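Enquirer:
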Amino acid sequence: MLAATTALAAPEGEARFERAFADAAKAYDENRLPDAIAGWQALVDEGQAQPETLFNLGNAYYRNGNLGQAILAYRRAQRLAPRDPDVRANLGFAAQSAGIELPARKPLAALLLDFSRAEWLGFGIVCFWLLAGALAAWIAWPRVRFVARPAAAVLAALLLLALVGLALHRDLEHTPEGVVMGAGQKVLSSPLETATPLLAVPEGAIVRMRESRGTWVEVELGETRGWLPAAALAPVR
Amino acid sequence: MRELAPDLVHQPHKAVGVLSAAFALVFAFALSARATDVSFDVQPRLLNLGETAQATLTFHGVRTAPNVDFPQIPGLQITGTGQQMQFGTGGSRVSLTYNLFAQKPGRFVIGPYTLDYNGEQIQIPEVSLEVRAPNGDAAATNEMLFARLTLPSDPPYVHQVFDLVLGIYSLPGVELTRDVNLLGGFPESGFVIGQFEELQMVREEVGGQFYNLRRFRAKARALTAGAFDVRPALRVGVVDPNQRQQRRDPFGFFDPFGGPVATPVTLPVPPANLVVRSIPAEGRPAGYAGAVGRFEFAMDVRPRELKVGEPITVSLRLQGSGNISAALPPSYRDADLFKAYEARQIGDVPDPTAESGAKIFEQVVIPRSDALKELPALEFSFFDPAAAQYRTVSAGPFPLTVHPSENGAGALLLQVPGGAAAGGGSLVLGTDIVYLKPAPARWRNGGGLAARKSLLIAVHAAAPLALAGLFFATRRRNRLATDVALARRQKAPRSARANLRKAEAALKESAAPAAVFAPLAAAAADYFGHRLNLPPGAVEAPLILEKLRAAKADDTSLAKWQEFFALSDQIRYASAADLSHEALANWIANVTALLRKAERVKL
């Protein structure tokens, strides 16, 4: 079903993307980092925000000294490929270079977010159709009800799990994580430039963006809630 | 709330109360239209300063009364205390009660007033109240209770912490309750004001009179420069000396409900203008970050002997008085010879209104080269409001002995700053990031995403519909399997149509009446056999006709059926009839029509 609803890119488009990707990689190897960043960023802007593209973009930013942008790209890659060991390693490396700790999640949420939205969607669709099949067997063939009934219950539970996973990703869409851009940012107690600073946040720190008010965003970092200028944040989407 | 208007016709006294009543307003109020009798009384009318009188405004012959506010009378506070309703043989009446509390001795005249009540002008008579000073001198002018706000003598600077002191002055003998309420009056934004705390009570002389002074102090800090109007008000409870004396129990029994009965008194504080100065731009050091007050800055660096790549923990301590909560110490920035991480605060964060305190930060610095011989000095600048000038304090430099790394000079060991603060060891992650990934196996087709999403939703919405269809189909199938009569009823039209087709085929082949009428008779027999759930041998013309008659089939149909059965028997068993091709075709059409009619009849 998923395959049936996924259209393939046109061959000429694919060739162009392949070429742009290879050019960016060549620029990276030749230490032409601005060119590499521009190449991969162009691919992302054209809708090719895939884990590989974002990972390489993060590498280019890291090499170029843009820690905040690097962490943003790695975090975006991790949203798409949460269990990719390379993404984890480079994100952790960049985070430690920036002197930040990655936000801790509750165990169940961390487990569910170890699967991407696409994975939960695919799993949910499979569960949905298997559940429909089990219900159909339950209705149409009384002789197999003793199997169909527990199967339907298990599949319904799995479908529910998939929906919870999707809901967590949806929550991350609505109140996204944000990466602090630029050094010397301070979380303020209220959305005023003269407000009391609560916390100094280094470039690359990952905060949760809770509410937006004008040019200010209310953020949450650990136990602290406060306000940062919207221009100092880039949402992980 | 309704206010009273002074009676301008009858104005026998130019008393203070009458003058203030000139500001009173009259409001319309829709109530009963009949004439209303109103009485006004104050008891007692002769008071010592500090005692309370009670005023009663009674509306006779009504069941409801408006809330009435008396005009302000300087030195006399009139506070509404409630409403009482009485219903009896003499008619109903509503009484509004007020506490009268004089803040200075003298003669107070209340009224006369005119109340516009439902279009009716009601006269409220004048009542005078004599308040004597404790020494019996009614002419004494000292107020018994007032409040003052004390602001800093010099205008404070932005972010400078200063004292706000509210003082309540009361004559000796005037007993106040412990609770004091602040009724606002401070700027709502631009200030951080802490909790008020009560200082020790003192005695102060004002105008030759000694007063007890209760003082309440709060720490405040302005966030912006400018001039601010400060006009706070306080509410205190004044214990009536008469009630206080009555409540003194001569037997010393504990009375759980016997707390002091106090009259709430609102004390307006004379308004003040608070000017907040901005911090001068002249002479501002380059590293100044907004600290105002007096601070000390100290540092510690450990270890002082280490290898390249090993972490140094730098402790930065800031201590002093001023806006300590907003002050941030300086820290190292990345340099060629060392890498510096962001400084992190450890320990508690001082309250925003804290007058003084300390802040400790820790920063991790990692030598990149053994050429690093010292960590340079750091400077902290602050503005000293007392001296009205900037000051700079410094700490360092700190000599270091850095040895080459065993892994080579280029190796980069990474340390989690938080872990170092918690006493954890260094964490070696590796020397570099993981290299690039190859191109994705499949590129995305950006177009048609919305269409695909719609299709996906539509396909999945179809599943529940298909399940519902399956459910109803299965239920029907099961019902037909268990209900023979229903199954035969469902089968009846199909079997009739099959026989009618046979009759049409026979007509085309031979046009022999017997060949045509045999399937026609079978069509009727099968149809009614299935409709009526009869065994094959039980389907007979009389029974069918009887059932049709019982079902109130029309006479024409009955006659046709009768004719058909008779002709059918004649042709099939006697073979006497000789019918033309057209007549046979007509009979096929007739039987078809009759069966259609029978399908609509409830048998």
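Chains D and Y supply the protein sequences, listed in that same order. For what it's worth, the working numbering labels the leading residue of the first sequence as 74, then goes sequentially. For what it's worth, the working numbering labels the leading residue of the second sequence as 511, then goes sequentially. Just so you know, even glycine gets a beta-carbon here, dropped at the ideal spot from N, CA and C. Treat the numbers as computed from the prediction; the structure is a model and nothing was measured.
(1) Specify the secondary structure class of residue 170 of chain D as computed by DSSP and reduced to three states.
(2) On a Cα-Cα basis, can you pick out the residue from Y:908, Y:562 and Y:1082 that is closest to residue 1030 of chain Y?
(3) Assuming residue 839 of chain Y contacts residue 892 of chain Y (C-beta within less than 8 angstroms), just tell me the rounded distance between them.
(4) Quick check on DSSP: helix, strand or coil for residue 1114 of chain Y?
(5) Opposite residue 885 of chain Y in the DSSP bridges: which residues?
(6) Roughly how many whole angstroms lie between the Cα atoms of residue 1078 of chain Y and residue 984 of chain Y?
(7) Could you tell me the alpha carbon to alpha carbon distance between residue 184 of chain D and residue 737 of chain Y, rounded to whole angstroms?
(8) Please state the DSSP three-state secondary structure of residue 91 of chain D.
(9) Alpha carbon to alpha carbon, how far is residue 151 of chain D from residue 705 of chain Y? Give it in angstroms, no decimals.
(10) Kindly list the residues whose CB is nearer than 8 angstroms to the CB of residue 694 of chain Y, restricted to its own chain and excluding five residues on each side of it in sequence; keep chain order.
(11) In three-state terms, what does DSSP make of residue 242 of chain D?
(12) Whole angstroms is fine: what's the gap from residue 1076 of chain Y's alpha carbon to residue 1092 of chain Y's?
(13) Could you tell me the distance, in whole angstroms, from the CA atom of residue 903 of chain Y to the CA atom of residue 293 of chain D?
(14) Could you give the C-beta distance for residue 883 of chain Y and residue 909 of chain Y, rounded to a whole number, given that I count them as a contact under 8 angstroms?
(15) For a cutoff of 8 angstroms on Cβ pairs, would you count residue 1175 of chain Y as touching chain D?
(16) Inspect the CB distances between the segment 1042–1050 of chain Y and the segment 1058–1065 of chain Y and report whether three or more fall short of 8 angstroms.
(17) Short of 7 angstroms Cβ to Cβ, which residues in the segment 140–152 of chain D face chain Y?
(18) At which residues does the alpha helix (DSSP H) containing residue 306 of chain D begin and terminate?
(19) Given 7 angstroms as the limit, tell me if residue 297 of chain D has its C-beta closer than that to any heavy atom belonging to the ligand ADP.
(20) Taking DSSP's pairing of strands, which residues face residue 570 of chain Y in a bridge?
(21) Measuring alpha carbon to alpha carbon, tell me which of D:143, D:96 and D:310 ends up nearest residue 246 of chain D.
(22) Quick one, which residues of the segment 671–694 of chain Y are near chain D if we go by CB-CB under 7 angstroms, in chain order?
(23) Whole-angstrom Cβ separation of residue 134 of chain D and residue 946 of chain Y, contact assumed at under 8 angstroms?
(24) May I ask which residues mark the beginning and end of the alpha helix (DSSP H) holding residue 1062 of chain Y?
(25) Does residue 943 of chain Y have its Cβ less than 8 angstroms from a Cβ in chain D?
(26) Which residues mark the beginning and the end of the alpha helix (DSSP H) in which residue 125 of chain D is found?
(27) Starting from residue 1037 of chain Y, trace the alpha helix (DSSP H) both ways and give me its first and last residue.
(28) Between residue 192 of chain D and chain Y, is any beta-carbon pair separated by less than 8 angstroms?
(29) In chain Y, what lies closer than 9 angstroms to residue 134 of chain D by C-beta?
(30) Hey, out of D:233, D:199 and D:221, whose CA is closest to residue 209 of chain D's CA?
(31) Taking a contact to mean a Cβ-Cβ separation below 8 angstroms, would you say residue 639 of chain Y touches residue 779 of chain Y in this structure?
(32) Residue 852 of chain Y versus chain D: which residues are under 7 angstroms apart at the beta carbon?
(33) To the nearest angstrom, how far is it from the Cα of residue 710 of chain Y to the Cα of residue 724 of chain Y?
(34) Going by DSSP, what residue range makes up the alpha helix (DSSP H) through residue 779 of chain Y?
(35) Do the CB positions of residue 164 of chain D and residue 149 of chain D come within less than 8 angstroms of each other?
(36) Check residue 1018 of chain Y in the structure and name its three-state DSSP category.
Expert: The relevant details are as follows:
(1) helix
(2) Y:1082
(3) In fact, because the Cβ distance is near 11 angstroms, the residues do not count as touching under 8 angstroms.
(4) The question about residue 1114 of chain Y has no answer, for chain Y in this structure spans 511 to 1113.
(5) Y:908
(6) 41 angstroms
(7) 56 angstroms
(8) helix
(9) 47 angstroms
(10) 742 and 743
(11) helix
(12) 19 angstroms
(13) 34 angstroms
(14) 7 angstroms
(15) With chain Y represented from 511 up to 1113, any question about residue 1175 of chain Y goes unanswered, as that position is not in the structure.
(16) no
(17) none
(18) It is not in any alpha helix (DSSP H) - residue 306 of chain D instead sits in the beta strand (DSSP E) that spans 306–308.
(19) Ligands are entirely absent from the displayed structure, and the ligand ADP is therefore not among its contents.
(20) Y:547 and Y:603
(21) D:310
(22) none
(23) Between residue 946 of chain Y and residue 134 of chain D the Cβ distance is about 13 angstroms, and since that is not below 8 angstroms, they are no contact.
(24) Counting along the chain, residue 1062 of chain Y falls outside any alpha helix (DSSP H), and DSSP gives it neither H nor E.
(25) yes
(26) 124–136
(27) 1023–1041
(28) no
(29) Result: empty, since nearest Cβ-Cβ is about 11 angstroms, beyond 9 angstroms.
(30) D:221
(31) no
(32) 172, 273 and 275
(33) 7 angstroms
(34) That residue, residue 779 of chain Y, is in no alpha helix (DSSP H); it is neither H nor E in DSSP.
(35) no
(36) helix
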